[in-house]
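Novice: Residue numbering for the sequence shown follows this note's numbering, beginning at 1 and increasing consecutively. Glycine is no exception: its CB is placed at the ideal position from the N, C-alpha and C atoms. Owing to the predicted nature of the structure, the values given are computational and were not obtained by experimental measurement.
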Amino acid sequence: RGKRCGPVCSRGCAVRAAAATSSSLTVAYRAGGAAMDELSEYELQRLEHIRRNHEMLVRLGLVDPTPAAPQQKAPRKPRTKLPPVPPESLRRSSRVRDLKPEYTKETIDQFGDDLDRQAARRSPAKKRPRPEEDADEAALRREIDASTVAFLTEAREAMSRYLTSADGAAPATADAWREEAVRRWGSLVGGGAGAPARDWEAFVTTRLSKPPPPSPEPLLQEWYAADMWQLLCCCVLMSRVSSWETKHRCISAFFAAYPTPSAFQAEVVQRGQVDALRGLVNSLGLFDDRLKSLLAITTAFLLPAEGEDAFAVDLKKREQGGHKIHGVGEFGWHSWLIFCRDMGATLKASDEALKSFCRWRAKRHKLATAEGAAAGEAAEAAADDGAGAAGAGAADDDGKGECEAAGESGGEAGAGGDGEAAADRGGELGSGTREGTREGSGG
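1. Do Ser252 and Ala226 have their CB atoms nearer than 8 Å?
2. Please state whether DSSP places Asp385 in a helix, a strand or coil.
3. So, using beta-carbon positions, are His365 and Ala345 closer together than 8 Å?
4. Grab me the residues of Arg249's own chain with a C-beta within less than 6 Å of its C-beta, minus the 5 sequence neighbours each way, in chain order.
5. Please return the same chain residues whose Cβ sits closer than 7 Å to the Cβ of Met56, not counting the five positions on each side in sequence.
6. What does a CB cutoff of less than 8 Å around Ala169 pick up in its chain, not counting 5 residues either side in sequence?
7. Would the beta-carbon of Phe203 fall within 8 Å of that of Asp136?
8. What's the call for Ile108, buried or exposed, on a 16-neighbour Cβ count within 10 Å?
9. In terms of residues, what are the limits of the alpha helix (DSSP H) holding Asp167?
10. Specify the secondary structure class of Asp227 as computed by DSSP and reduced to three states.
11. Where does Leu208 sit, in a helix, a strand or coil, going by DSSP?
12. Exposed or buried, Asn282, counting other C-beta atoms within 10 Å across all chains shown (16 or more means buried)?
13. For Val294 versus Val236, is the C-beta spacing smaller than 8 Å?
14. Expressed to the nearest angstrom, what Euclidean distance is found between the alpha-carbon atoms of Pro449 and Glu222?
15. Look at the alpha carbon of Glu48 and the alpha carbon of Tyr103, and state the distance between them as a whole number of angstroms.
16. Over what stretch of residues does the alpha helix (DSSP H) that includes Tyr42 continue unbroken?
17. Quick one: what does DSSP say Met343 is sitting in, helix, strand or coil?
18. What's the gap between the Cα of Asp314 and the Cα of Gln45?
19. Under the assumption that Gly322 contacts Lys316 (Cβ atoms under 8 Å), give the Cβ distance between them as a whole number of angstroms.
20. How far does the alpha helix (DSSP H) with Gly191 in it reach, from first residue to last?
21. Should Arg207 go down as buried or exposed, given a rule of 16 or more other Cβ atoms within 10 Å for buried?
22. Looking only at C-alpha atoms, which of Ile144, Ala155, Pro196, Ala74 sits nearest to Leu62?
23. When you compare only the Cα positions, how much space is there between Ala349 and Val58?
24. Please work out which residues of its chain come closer than 8 Å, Cβ to Cβ, to Thr153, disregarding the five sequence neighbours upstream and downstream, and give them in chain order.
25. Counting pairs of beta carbons, one from the region 261 to 273 and one from the region 179 to 188, are three or more of them closer than 8 Å?
26. Find out if the Cβ-Cβ distance for the pair Phe301, Trp200 is shorter than 8 Å.
27. Tell me which residues share the same chain as Arg318 and place their Cβ nearer than 7 Å to its Cβ, disregarding the 5 neighbours each side in the sequence.
28. Would the beta-carbon of Leu284 fall within 8 Å of that of Thr246?
29. Enumerate in chain order the residues of its own chain whose CB-to-CB distance from Thr148 is below 7 Å, with the five nearest sequence positions on each side excluded.
30. Under 7 Å from any heavy atom of the ligand PLP, does the C-beta of Glu43 make it?
31. Could you tell me whether the Cβ atoms of His334 and Leu354 are closer together than 8 Å?
32. Using CA atoms only, rank isn't needed, just tell me which of Cys340, Gly332, Arg361, Ala362 is closest to Asp351.
33. For Arg198 and Thr205, what's the separation of their Cα atoms in angstroms?
34. Can you name, in chain order, every residue of its own chain whose Cβ lies under 8 Å from the Cβ of Leu231, other than the five neighbours on each side?
35. Comparing alpha-carbon positions, which option in Asp175, Leu60, Arg97, Ala181 lies nearest Ala158?
36. Skipping 5 residues on each side, what residues in its chain have a beta carbon closer than 7 Å to that of Ala176?
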């Protein structure tokens, strides 16, 4: 990450890493043929998600649209299975140890073959995976999940930067904020050209997602956590659908056709192409209800009422001062809080999948908090040691002046901890020695 940026990217190593990861997987997705036939449904859906995320990065101008060829891994060597060593004799009883067996190996094998043929006539035999095959499958799944988490982490870091500046800094003018909104969500954002004046800074900042770290086995919502509109639409489309394959297929087709809220507004609302949308998501059922919800989400996100440029979601009706969106219930609201506002560590979700993610997030948050507290205690101890060494014998006749200096020296020596608090404590201890006592200050 300390190397110089390449010719494509000028916004940091996270963008280049996301580009490299998504580019190699995009090439694999486009390979087609027998290689794609060998992939499982899980891997195919994962590649579809990564391809679509790569297209979003390309649309935002964060990566090169032409992916580089992936590096070929060395083929695995086939395992050699050694034949078992036959025992000298299986007869352990002294009564029959020296007798000739009634059934020879050939007789037993023939009898077993006859049984196998009879069983094959009744029902086809199912191939049982060997233990080493199960281990290889589990290792491959872990490798896939690890690469998925790495891709999501790097892509989110790239998309968290502002697009209108070369260094990723926030825009400085209203026009720059509006350009940022157009770059992310399309030309119809805020009503398009000729729309009423808006607070574009509030418009953009309240619609930028702050997703949590990806979990070891990413949920479907985590693929859309970097974009609030996509996350809410995903929740509307996936609710009340039990088929895993149907959800992935329809949602992937929806975002391939409508990557931004402006694209959905232009095609479905302005041009009235409802039949095209029906053909994409009709397998999910409840099409009319889902259409109303998608329209409500797009309107609230893209075309807020005048004076309501800040975006929020809750379950309280707008007449009561809330931000309820039609079709977004508790599941969608909790998903928005967890994956767009990173509140999973404290949220009490009701959905089982969300509960599992919240438990993982709370455990990770607790671990990070404990590590931070340990680091703070170590820094404070270093500050105490530095203050004690610097304050040895540092008191003047009235016991005050030089002890305060020792407290300040201890605070500087404890840099990386609570230095200012250390200096204050040193000053308090120093000011308490007015009778000429020579106590070292505790920084």
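Specialist: Short version:
1. Here residue 252 refers to the residue found at position 252 when the sequence shown is read from its first residue. Here residue 226 refers to the residue found at position 226 when the sequence shown is read from its first residue. Not closer than 8 Å, so no.
2. As a working mapping, residue 385 is identified with position 385 in the sequence shown. DSSP places Asp385 in helix when its eight states are reduced to three.
3. Counting from one through the sequence shown, the residue named residue 365 turns up at place 365. Counting from one through the sequence shown, the residue named residue 345 turns up at place 345. In this structure, Ala345 lies closer than 8 Å to His365 by Cβ.
4. Locating residue 249 in the sequence shown gives position 249, where the first residue counts as 1. If we look at Arg249 and ignore the five residues flanking it on each side, it has no Cβ neighbours.
5. Residue 56 sits at position 56 when you count from the first residue of the sequence shown. Within the same chain, Met56 has close Cβ partners Pro259.
6. One-based indexing of the sequence shown puts residue 169 at position 169. Within the same chain, Ala169 has close Cβ partners Tyr162.
7. Your numbering for residue 203 matches position 203 in the sequence shown. Your numbering for residue 136 matches position 136 in the sequence shown. For Phe203 and Asp136, no; Cβs fall outside 8 Å.
8. Here residue 108 corresponds to residue number 108 of the sequence shown, with the count starting at 1. Ile108 should be labelled exposed.
9. As a first step, residue 167 must be located in the sequence shown, where it is residue number 167. Run containing Asp167: none; DSSP gives neither H nor E here.
10. Walking along the sequence shown from the start, residue 227 turns up at place 227. It is a strand residue.
11. As a first step, residue 208 must be located in the sequence shown, where it is residue number 208. It is a strand residue.
12. Residue numbering aside, residue 282 sits at position 282 when the sequence shown is read from its first letter. It counts as exposed.
13. In the sequence shown, counting from the first residue as 1, residue 294 sits at position 294. In the sequence shown, counting from the first residue as 1, residue 236 sits at position 236. The amino acid occupying residue 294 in the given sequence is Leu; Val does not appear at that position. Closer than 8 Å, so yes.
14. There is simply no residue 449 to check, as the chain begins at 1 and stops at 443 in what is shown.
15. The residue you call residue 48 lines up with position 48 of the sequence shown. The residue you call residue 103 lines up with position 103 of the sequence shown. Rounded to the nearest angstrom, the gap between the Cα atoms of Glu48 and Tyr103 is 59 Å.
16. Within the sequence shown, residue 42 is the residue found at index 42, counting from 1. Going by DSSP, Tyr42 is part of the alpha helix (DSSP H) stretching over 41 to 59.
17. Here the question's residue 343 lines up with position 343 in the sequence shown. In the structure shown, Met343 sits in coil (DSSP, three-state: anything other than H, G, I, E or B).
18. Counting from 1 along the sequence shown, the entry for residue 314 is found at position 314. Counting from 1 along the sequence shown, the entry for residue 45 is found at position 45. Going from the Cα of Asp314 to the Cα of Gln45 covers about 31 Å.
19. In the sequence shown, the residue the question calls residue 322 occupies position 322. In the sequence shown, the residue the question calls residue 316 occupies position 316. Rounded, the Cβ-Cβ distance is 2 Å, consistent with contact.
20. The count along the sequence shown starts at 1 and reaches residue 191 at position 191. Unbroken run through Gly191: none, as it is neither H nor E.
21. The residue you call residue 207 lines up with position 207 of the sequence shown. Looking at its Cβ environment, which holds 16 or more other Cβ atoms inside 10 Å, Arg207 is buried.
22. Residue numbering aside, residue 62 sits at position 62 when the sequence shown is read from its first letter. When each option's Cα is compared against that of Leu62, the closest is Ala155.
23. Your numbering for residue 349 matches position 349 in the sequence shown. Your numbering for residue 58 matches position 58 in the sequence shown. The straight-line gap from Cα to Cα measures roughly 35 Å.
24. Along the sequence shown, one-based indexing puts residue 153 at 153. Excluding residues within five positions, the ones whose Cβ falls inside 8 Å are Pro213, Pro214.
25. yes
26. For the purposes of this step, residue 301 is taken as residue 301 along the sequence shown, with counting starting at 1. For the purposes of this step, residue 200 is taken as residue 200 along the sequence shown, with counting starting at 1. For Phe301 and Trp200, no; Cβs fall outside 8 Å.
27. On the sequence shown, residue 318 is found 318 positions in, with the first residue counted as 1. The answer, listed in chain order, is Lys324.
28. On the sequence shown, residue 284 is found 284 positions in, with the first residue counted as 1. On the sequence shown, residue 246 is found 246 positions in, with the first residue counted as 1. The answer is yes: Cβ separation under 8 Å.
29. Counted from its first residue, the sequence shown places residue 148 at position 148. Arg46, Pro218, listed in sequence order.
30. The ligand PLP is not among the ligands present in this structure, which contains no ligands whatsoever.
31. Here residue 334 refers to the residue found at position 334 when the sequence shown is read from its first residue. Here residue 354 refers to the residue found at position 354 when the sequence shown is read from its first residue. Yes; because the gap between Cβ atoms is below 8 Å, this pair is in contact.
32. On the sequence shown, position 351 is the one that residue 351 refers to. Looking at the Cα atoms, Gly332 is the closest of the given residues.
33. The residue labelled residue 198 in the question sits at position 198 within the sequence shown. The residue labelled residue 205 in the question sits at position 205 within the sequence shown. Roughly 13 Å between the two C-alpha positions.
34. For the purposes of this step, residue 231 is identified with residue 231 of the sequence shown, where counting begins at 1. Answer for Leu231: Ser209, Gln221, Tyr224, Ala225, Ser335, Trp336, Phe339, Cys340, listed in chain order.
35. By one-based count along the sequence shown, residue 158 stands at place 158. Closest by alpha carbon: Leu60.
36. Taking the sequence shown and counting its residues from 1, the one referred to as residue 176 is at position 176. Once the five neighbours on either side are set aside, the close Cβ partners of Ala176 are Thr164.
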